[in-house]
Amino acid sequence: MLKQRYIDSNAAPFSKVVPTQVASPYWVAFNEALAEQINLPHRASPELLAVFSGQAIFKDTHPIAQKYAGHQFGGWNPDLGDGRGLLLGEWQDNRQQLWEFHLKGAGKTPYSRFGDGRAVLRSSIREYLGSEALNAIGIPTTRALALIGSNEQVVRETTEPGATLLRVTQSHVRFGHFEWLAYQRDEKALKHLADFVIEHHYPEAALQELPYASLFELIVKRTAKMMAYWMAYGFVHGVMNTDNMSILGETFDYGPFAFLDTTKMNAVFNHTDQTGRYAFNQQPSIAMWNLQKLAQALSLIVPEEALKRALALFAPRCDEQYYQLLNRRLGGNLQQPIPPALCAQWIELLANNHLDFHWYFRQLSKLELNQWETLVDEFTDRDAFLAWNKSVQPYLEQDSANRLTQMQQSNPATVARTELLQLVIDAAYQGDFKPFESFYAALMSPFEERPQWSQWQQKPQNIDQHISLSCSS
37 MLKQRYIDSN AAPFSKVVPT QVASPYWVAF NEALAEQINL PHRASPELLA VFSGQAIFKD
97 THPIAQKYAG HQFGGWNPDL GDGRGLLLGE WQDNRQQLWE FHLKGAGKTP YSRFGDGRAV
157 LRSSIREYLG SEALNAIGIP TTRALALIGS NEQVVRETTE PGATLLRVTQ SHVRFGHFEW
217 LAYQRDEKAL KHLADFVIEH HYPEAALQEL PYASLFELIV KRTAKMMAYW MAYGFVHGVM
277 NTDNMSILGE TFDYGPFAFL DTTKMNAVFN HTDQTGRYAF NQQPSIAMWN LQKLAQALSL
337 IVPEEALKRA LALFAPRCDE QYYQLLNRRL GGNLQQPIPP ALCAQWIELL ANNHLDFHWY
397 FRQLSKLELN QWETLVDEFT DRDAFLAWNK SVQPYLEQDS ANRLTQMQQS NPATVARTEL
457 LQLVIDAAYQ GDFKPFESFY AALMSPFEER PQWSQWQQKP QNIDQHISLS CSS
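So the sequence shown is residues 37 to 509, counted in this note's numbering.
Now the structure itself:
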């Protein structure tokens with residue numbers, strides 16, 4: 037039986053919606069590992085297929101579409117909400133932790149505007165594999181429990197097969213929820229939502245003198261951690277609107293996301309983003325901008341000075357964790373880490389020499405320290421690489437076994453690259469899901485190399501290829 041705290045507490049505005057069933061649903065994937073983690077007794081059964089395809093609902097539940105607002109590409113939009121997703125309810129595991137079940141592609145809602153409320157198989161495959169890949173690496177993210185295919189045809193740039201995806205996280209509250217209530221100047225509702233979030237997700241804030249200020253500070257810290265991971269692992273979200281920002285600091289709302297191939301600091305993958313607002317190297321500053329918008333919303337109930345103090349924590353916290361991650365990836369000593377300037381120089385070397393972001397981290401993790409210089413021929417600027425190598429050596433973990441273990445557990449051999457995701461999608465559109473299964477298995481053990489996964493772990497050949505993605509991706 038599922039709980040419905042969001043409805044029962046009337047946390048924020050929503051609409052009850054009956055899902056629109058998809059035609060001829062079939063299982064593409066069911067995440068057994070996640071189901072086990074949250075103690076879900078159900079497996080890929082016909083009954084679950086019916087619920088996850090909109091043909092049925094869980095007993096004694098009322099699916100809802102949440103209302104929120106947000107800043108999209110910097111512009112305010114009050115007319116937002118769940119336009120193609122429904123919150124089905126919350127599952128409680130054996131540790132009393134609640135997990136929200138959110139069905140994407142469930143049909144029109146009052147917030148669909150001109151959309152059809154559907155999801156396509158292409159974007160659903162990308163989110164299923166992408167979110168689970170991030171989780172396996174250790175990047176904070178929502179999870180994917182189930183992927184359902186359909187024979188129903190959905191019109192996007194072309195006509196494509198439809199799908200539904202069941203997303204799991206502890207909360208779907210976004211920055212945009214608070215923005216909407218502040219836009220309404222509803223201080224009482226704003227406090228009520230903040231109380232709900234504190235009670236269920238940030239109980240430590242309730243113990244502080246200013247609980248709402250503490251809540252914001254915790255959100256700032258979690259967002260900084262997420263940004264550090266994105267930057268350290270070459271992840272580009274693609275559309276960091278405030279309505280796509282989770283109050284839990286999780287990667288949320290997968291659309292035109294990508295991992296870097298060639299290290300290009302201003303890489304943009306969203307073809308809608310003509311100005312490069314959401315480029316790879318802009319992500320920390322955009323996260324700060326989004327936090328400022330959340331602070332403006334909370335200014336109705338939090339003193340301005342407290343908000344400023346919390347915001348001031350973002351940049352140093354993000355930088356600290358970013359360089360900690362790079363130090364670990366580069367095999368640095370954990371007690372006397374590599375200076376940030378040398379970590380930054382490594383990224384600059386990759387960018388200046390137009391090299392793959394992931395491959396060379398992984399190659400270093402296989403070499404003894406006296407072998408690092410053998411990579412010099414990969415660099416156009418040989419002298420720059422040799423100078424960096426000489427400078428960084430004293431800061432590296434000198435115990436070979438410890439360093440190699442540290443690096444090989446920090447540098448994935450398998451990455452959810454755009455080109456590989458497209459290969460899986462192309463096969464799926466021909467009715468072949470074996471590549472999906474193989475790639476998924478490799479992504480779930482990203483630091484492990486196996487012969488059967490070799491096609492997913494090869495050095496990219498088309499390093500100058502750039503694939504533009506749409507928001508329907």
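Quick reminder that beta carbons are idealized off the backbone N, C-alpha and C, glycines included. Keep in mind that this is a model prediction, so the values were computed, not measured.
On the three-state DSSP scale, how would you describe residue i?
i      : result
Arg162 : helix
Gln73  : helix
Ser446 : coil
Thr194 : coil
Val54  : coil
Ile175 : coil
Thr454 : helix
Asp392 : strand
Ile503 : coil
Glu485 : coil
Arg149 : coil
Asn187 : strand
Tyr62  : strand
Val204 : strand
Val460 : helix
Ala92  : coil
Ala155 : strand
Phe295 : strand
Phe271 : strand
Leu181 : strand
Can you tell me where the beta strand (DSSP E) with residue i in it begins and where it stops?
i      : result
Asp115 : Gly111 to Gly117
Leu124 : Gly121 to Gln128
Lys257 : Segment Pro247 to Ala268 is the alpha helix (DSSP H) holding Lys257; no beta strand (DSSP E) there.
Ala105 : Ile100 to Gln108
Leu336 : From DSSP, Leu336 is part of no beta strand (DSSP E); its letter is neither H nor E.
Glu136 : Leu134 to Lys140
Ala477 : Careful: Ala477 lies outside any beta strand (DSSP E), inside the alpha helix (DSSP H) at Lys470 to Met480.
Could you check the C-alpha separation between residue i and residue j for me, to the nearest Å?
i      : j      : result
Gln40  : His236 : 13 angstroms
Leu378 : Val428 : 7 angstroms
Ser45  : Glu163 : 30 angstroms
Pro430 : Leu440 : 16 angstroms
Arg158 : Ala65  : 14 angstroms
Ala180 : Asn406 : 43 angstroms
Ala420 : His390 : 14 angstroms
Glu126 : Gln206 : 8 angstroms
Lys495 : Gln244 : 50 angstroms
Pro448 : Glu68  : 22 angstroms
Lys261 : Val204 : 20 angstroms
Trp216 : Leu336 : 12 angstroms
Tyr465 : Pro197 : 8 angstroms
Ser60  : Asp468 : 17 angstroms
Ser148 : Gly117 : 8 angstroms
Asp279 : Thr410 : 47 angstroms
Ala463 : Pro471 : 7 angstroms
Ser51  : Ala387 : 48 angstroms
Ile13  : Ala323 : With the chain represented from 37 up to 509, any question about residue 13 goes unanswered, as that position is not in the structure.
Val338 : Leu347 : 13 angstroms
Gly212 : Ile100 : 17 angstroms
Met281 : Ala172 : 21 angstroms
Name the two residues that bound the continuous alpha helix (DSSP H) containing residue i.
i      : result
Leu226 : Glu223 to His237
Phe88  : Pro82 to Phe88
Gly212 : Phe211 to Tyr219
Phe350 : Phe350 to Arg365
Gln44  : Position check: residue 44 holds Asp in this sequence, whereas Gln was assumed. Asp44 -> alpha helix (DSSP H) spans Arg41 to Asp44.
For chain D, check one thing: does any of its Cβ atoms lie closer than 8 angstroms to the Cβ of residue i?
i      : result
Ala105 : No chain D is present in this structure, which holds just one protein chain.
For residue i, count neighbouring C-beta atoms within 10 Å of its own C-beta (all shown protein chains included) and say buried if the count is 16 or more, exposed if not.
i      : result
Lys140 : buried
Arg398 : buried
Leu202 : buried
Thr145 : buried
Thr195 : exposed
Gln357 : buried
Asp96  : exposed
Thr311 : exposed
Gly151 : exposed
Whole alpha helix (DSSP H) elements within the region 396-434, 4-residue minimum: 418-428
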